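Colleague:
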């Protein structure tokens, strides 16, 4: 098994970002808990699949 600490180095993340200039950070949208509670409701999911 390869020891990743010895192969990647201490600052591998900074080096990776420096080599890939197209990468950008972005803020994610605020999570809407009401919408998530509705979308992960198993009754709603079952009803959807019954319709199709």
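Numbering (this note's numbering), first residue to last: 968 to 1019. Cβ atoms here follow ideal geometry from the backbone N, Cα and C, with glycine treated the same way. Nothing here was measured: the structure is a model prediction, and the numbers come from that model.
1. Residue 1009 lies in the alpha helix (DSSP H); which residues open and close that run?
2. Straight-line CA distance for residue 1014 to residue 986?
3. Kindly give me the distance between the Cβ atoms of residue 975 and residue 984, rounded to whole angstroms, as I take these residues to be in contact under 8 Å.
4. Using DSSP with H/G/I as helix, E/B as strand and the rest coil, what is residue 991?
Modeller: Put simply:
1. According to the DSSP assignment, residue 1009 belongs to the alpha helix (DSSP H) that extends over 1009 to 1018.
2. Rounded to the nearest whole angstrom, the C-alpha separation of residue 1014 and residue 986 is 48 Å.
3. Not really, about 13 Å apart at Cβ, beyond 8 Å.
4. Collapsing the DSSP output to three states places residue 991 in coil.
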